[in-house]
Amino acid sequence: MEFDHIQIEKKWQKKWSDKNVFKTEQRNEKEKYYVLTMFPYPSGTIHVGHVKNYVIGDVVARYKKMQGYNVLHPFGYDAFGLPAENAAIKRNVNPGEWTFKNIETIREQIKKIGISYDWDREIATCTEDYYKWTQWIFLKLYEKGLAYKKHAAVNWCPSCKTVLANEQVVNGKCERCGTDIEMKKLEQWYFKITDYSERLLNDLEKLEGWPENVKVMQKNWIGKSVGAEVNFKIDGTDKELKVFTTRPDTLWGVTFMALAPESPLVEELTTPEQKEEVESFLNRVNKEDKFKRIAQGAKKDGAFTGSYAVNPVNGEKIPIYVANYILFEYGTGAIMAVPAHDQRDFEFAKEFNLPIRVVITPKDKELKAEDLEEAFTEDGIMINSDKFNGMKNREALTKIVEWLEENGYGKKSIQYKLRDWLISRQRYWGAPIPVVYCEKCGTVPVPEKDLPVKLPTDVKFEPTGKSPLATNEDFINTTCPKCGGPARREVDTMDTFVDSSWYYLRYINPKMEDKPFDSDDVNYWLPVDQYIGGVEHAILHLLYSRFITKVLHDLGYVNFEEPFSNLFTQGMIYKDGAKMSKSKGNVVSPDEMIEKYGADTLRLYMLFMGPPEKDAEWNDAGLEGVARFMNKVWNSMTKIIEFSKDGNINNINLTTKEEKNLRRKLHQMIKKITNDIEKNFQFNTAISGMMELINELNAYLNSVPQEKWNKDLLKELSEDFVILISPFAPHLAEELWEMMGHEDFVLNAQWPTVDEEALKVDEIEIVIQINGKVRDKMIVDASASEDEIKEKAFELDKIKKYVENAEIKKVILVKGKLLNIVVKN
Ligand code: ANZ
Ligand code: ZN
82 MEFDHIQIEK KWQKKWSDKN VFKTEQRNEK EKYYVLTMFP YPSGTIHVGH VKNYVIGDVV
142 ARYKKMQGYN VLHPFGYDAF GLPAENAAIK RNVNPGEWTF KNIETIREQI KKIGISYDWD
202 REIATCTEDY YKWTQWIFLK LYEKGLAYKK HAAVNWCPSC KTVLANEQVV NGKCERCGTD
262 IEMKKLEQWY FKITDYSERL LNDLEKLEGW PENVKVMQKN WIGKSVGAEV NFKIDGTDKE
322 LKVFTTRPDT LWGVTFMALA PESPLVEELT TPEQKEEVES FLNRVNKEDK FKRIAQGAKK
382 DGAFTGSYAV NPVNGEKIPI YVANYILFEY GTGAIMAVPA HDQRDFEFAK EFNLPIRVVI
442 TPKDKELKAE DLEEAFTEDG IMINSDKFNG MKNREALTKI VEWLEENGYG KKSIQYKLRD
502 WLISRQRYWG APIPVVYCEK CGTVPVPEKD LPVKLPTDVK FEPTGKSPLA TNEDFINTTC
562 PKCGGPARRE VDTMDTFVDS SWYYLRYINP KMEDKPFDSD DVNYWLPVDQ YIGGVEHAIL
622 HLLYSRFITK VLHDLGYVNF EEPFSNLFTQ GMIYKDGAKM SKSKGNVVSP DEMIEKYGAD
682 TLRLYMLFMG PPEKDAEWND AGLEGVARFM NKVWNSMTKI IEFSKDGNIN NINLTTKEEK
742 NLRRKLHQMI KKITNDIEKN FQFNTAISGM MELINELNAY LNSVPQEKWN KDLLKELSED
802 FVILISPFAP HLAEELWEMM GHEDFVLNAQ WPTVDEEALK VDEIEIVIQI NGKVRDKMIV
862 DASASEDEIK EKAFELDKIK KYVENAEIKK VILVKGKLLN IVVKN
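The working numbering applies: residue 82 is where the sequence shown begins, and numbers increase by one.
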């Protein structure tokens with residue numbers, strides 16, 4: 082019989098759907114297991130890279146289900162966002178129409194792959210019943226003082242015509258379209274994620290099931306620095322210039338101060354004589370890209386303000402500069418510069434001919450400023466630092482901070498690189514920010530009962546830089562919920578990362594109307610036991626989700642503080658040596674592969690390509706190989722299923738060596754495959770294990786005449802094998818399972834357990850050495866005693882001739898391996 086994948090896959094997909102087998106019970110007596118794969122942007126069709134993500138999740142879900150867990154495995158769409166809007170503008174259709182069409186296509190694609198999603202829980206973030214609750218989350222943050230509006234210089238993509246979060250700017254370019262970012266001053270909404278910096282950092286430690294590299298990325302993104310804030314008097318005034326430094330031990334080496342160009346102090350401190358020079362610098366710097374300007378190795382530029390600061394440690398007067406490498410948004414927006422020990426200060430000092438003073442020197446020699454070719458940034462011994470001379474700099478650092486505090490010159494300070502989350506977008510296809518502006522009452526949040534603030538459909542997409550919502554007068558003009566007077570609606574929409582920061586909670590109660598979710602249900606299902614997705618979301622999405630979870634925890638809506646217990650980041654699939662992309666024309670579509678080879682073969686191949694966390698190259702020949710294996714499985718299984726139908730797996734008698742070997746292999750492979758799935762997602766080696774087992778089976782079938790086949794053993798083997806392969810190739814498995822006469826689905830079967838008895842080896846090979854030289858080997862019973870082994874060895878022809886006429890000095894047995902005979906001739 083041929084393996085007819087088209088017909089078989091269709092048949093089972095229909096049965097699964099008709100019987101709703103993937104439906105999850107909301108609660109039952111079983112232990113719960115929540116497996117989640119990152120949901121896609123429905124911006125077109127999915128390619129095999131997505132498929133890999135879903136197949137990994139599906140293997141875990143099906144495996145856990147057969148292990149007896151109550152498994153939740155949901156799917157949805159991150160459906161708001163720029164791709165939909167841009168595509169819609171290009172095609173002149175409503176983004177919603179375009180999005181829902183894509184959703185239809187993707188759903189059909191996924192169903193053809195046989196992923197075991199509970200489709201009753203499907204969500205799309207762009208539907209009213211979803212974004213209503215995204216707006217609700219905004220209101221909760223607003224009530225808590227965690228959503229606020231401020232004027233700020235923001236990253237502006239002139240091509241996408243929208244503001245971008247710092248996180249969406251890569252090397253000064255828009256993450257999406259690659260256009261150079263400009264700075265623009267706008268009033269924007271922010272979420273105060275910085276209130277949670279310390280917790281977001283510390284709780285990383287609890288996430289034992291996360292890859293180390295992802296935790297490091299999060300840690301660096303939060304960027305905690307411990308140091309001091311030091312107050313410098315501004316000479317001739319009673320004003321102070323505060324700086325943040327991680328190196329208070331270098332205070333005696335300060336030779337100039339520097340302000341960020343954006344600092345309001347620049348205007349205040351610039352003397353009339355220096356005005357021209359400073360202004361011409363500011364003109365230059367305004368044209369510079371902010372990200373390039375502060376990058377390591379960038380050319381240092383600046384100007385002297387004409388003012389001086391006084392160093393609190395020694396009363397020295399130090400010139401105050403404005404410099405291009407100082408960030409306004411970090412620390413205090415001003416620094417104390419120590420050119421001898423900070424590379425950027427060193428470069429600036431060289432450029433502007435400023436003094437360099439060494440205050441830390443290596444143990445063995447004394448560093449001279451004139452010998453420095455770059456800053457000395459290592460630890461060492463304090464010099465030129467008054468009473469701290471001779472101390473190790475790290476020890477001095479602590480003492481200096483104490484001394485600063487005692488004298489009111491400064492205090493210990495902790496800074497984070499993490500900035501507040503800018504959530505305003507001047508775009509249409511997102512959740513409207515639920516706020517109105519009233520002339521009398523000011524900013525007024527929309528009351529919960531009036532949610533959702535619906536996205537109007539009648540808007541114009543004009544590249545003005547303003548939100549398209551601003552073009553709909555009916556939308557903008559409203560009444561104030563507080564005083565009933567005339568008010569205007571906020572026209573910005575929320576960053577789509579807000580939508581995806583809580584979607585894993587909505588899956589629990591996807592249709593709930595009066596609440597975003599039920600706390601008891603969520604507390605049962607969460608945290609997610611296994612989250613699976615691409616490493617490209619290692620920073621933003623995960624950080625934002627962790628933040629929102631913590632806020633909801635603090636508000637009493639959930640009882641956990643981390644949303645994802647275990648995280649798996651899968652590798653990408655390359656084609657022709659490159660990342661798949663439409664523009665390169667190297668996208669492998671799953672539909673075509675399914676048509677030709679079947680979903681099961683595609684699934685198996687995706688996981689056989691290599692360890693799933695590694696990138697892998699698509700290879701048609703590899704797929705062909707897997708297709709041949711599938712046929713082999715089909716042929717050998719169909720051969721034995723009929724034959725062993727009336728076998729009894731509870732009464733297996735093994736008489737021959739071949740039977741024992743085959744059953745040992747089966748249980749070895751149950752053990753191995755279970756282990757490979759359980760630990761580190763080693764699906765590729767699990768599949769190799771299945772191949773090995775099939776080869777062993779065929780060897781048995783070919784070497785033993787059919788009338789001597791062990792029915793009971795073959796029944797056990799075929800049942801167990803079909804269960805083992807079912808998470809990987811579920812359609813094939815269901816078909817074979819049905820052939821065996823089972824009425825229920827294989828998905829509802831129990832994962833096989835290892836019979837340790839079967840693993841036992843009953844014969845072993847012993848190598849025999851005479852005076853350390855290998856002379857022969859023999860097979861003995863595993864239970865043979867030492868005397869029996871000796872006796873048998875002495876009877877071997879090759880050994881006899883050495884021992885017969887010699888004096889036996891010693892016989893040493895290394896159990897299970899080796900017999901060493903020492904003789905004297
Ligand atoms: C004096 C000093 C001496 C510094 C020395 C370093 C080495 P991280 O680790 O990134 O927190 N700095 C402070 N605020 C800054 C700003 N707004 N823009 C640019 N640079 C700024 O770095 C902290 C160090 O970066 C601070 O410590 C300060 O330079 C500089 F041998 O102070 B340091
Ligand atoms: Zn009002």
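Virtual Cβ for every residue (Gly too), placed ideally from N, Cα, C.
Bridge pairing for H232: E268 [DSSP]. Per DSSP, reduced to three states, the secondary structure at I462 is strand. Per DSSP, reduced to three states, the secondary structure at V707 is helical. Exclusion of V482 from the 8 Å shell around the ligand ANZ follows from its C-beta lying no nearer than that to any non-hydrogen atom of the ligand. Going by DSSP, I860 is part of the beta strand (DSSP E) stretching over K854 to D862. Using a 10 angstroms sphere on the CB of D501, the tally of other CB atoms reaches 16 or more, which defines it as buried. Cβ atoms of T574 and G511 come within 8 Å of each other, at about 3 Å. For the pair of segments examined, the region 675 to 693 was found not to touch the region 780 to 794: the number of CB pairs separated by less than 8 Å stays below three. Closest option to H823, judged by alpha-carbon separation, among K356, A234, I481 and E800: E800. The DSSP-derived three-state label of G334 is helix.
The nearest non-hydrogen atom of the ligand ANZ is less than 8 Å from the C-beta of E410. DSSP lists no bridge partner for F542. Here V307 is exposed. Its C-beta has fewer than 16 other C-beta atoms within 10 Å.
One Cα belongs to A341, the other to K356, and the distance between them is close to 16 Å. For the pair of segments examined, the region 461 to 475 was found to touch the region 322 to 341: the number of CB pairs separated by less than 8 Å reaches three. Within its own chain, the residues whose Cβ lies closer than 6 Å to the Cβ of L795, once the five positions on either side in sequence are excluded, are I721 and S725, listed in chain order. Distances from the CB of A456 to the heavy atoms of the ligand ANZ include at least one below 8 Å.
As the crow flies, the alpha-carbon of E777 is around 19 Å from that of S807. The continuous alpha helix (DSSP H) containing F362 extends over residues K356 to K368.
Apart from sequence neighbours up to five positions away, the residues of its chain that approach G387 with a beta-carbon distance below 7 Å are T351, T352, E354 and Q355, ordered along the chain. Taking the Cβ of Y406 as the reference point, at least one heavy atom of the ligand ANZ falls within a distance shorter than 8 Å.
For T260, the secondary structure class from DSSP, reduced to helix, strand or coil, is coil.
Put simply, the backbone Cα of V439 is about 12 Å away from that of D460. For Y389, the uninterrupted beta strand (DSSP E) segment begins and ends at G383 to V391. By the Cβ test, the region 229 to 246 is not in contact with the region 190 to 198, since fewer than three Cβ pairs between them sit closer than 8 Å.
Scanning I191, G162 and Q190 for the CA closest to the CA of W179 turns up G162. Three or more beta-carbon pairs drawn from the region 847 to 859 and the region 891 to 900 are found closer than 8 Å, and the two stretches are therefore classed as touching.
In the DSSP assignment, A874 falls within the unbroken alpha helix (DSSP H) covering E867 to F875.
Straight-line measurement puts the Cα of R188 at about 9 Å from the Cα of W200. Per DSSP, reduced to three states, the secondary structure at A839 is helical. Within the DSSP secondary-structure output, T650 pairs in a beta bridge with G614. Looking only at T326, A379 and L586, the smallest Cα-Cα distance to L607 is reached by L586.
With respect to the 9 Å criterion, F272 and L346 are not classified as neighbours on the basis of their beta carbons. In this structure, D793 places its C-beta atom within 9 Å of the C-beta atom of G728. DSSP, read as helix, strand or coil, puts G414 in coil. At least one heavy atom of the ligand ANZ lies closer than 8 Å to the C-beta of V324.
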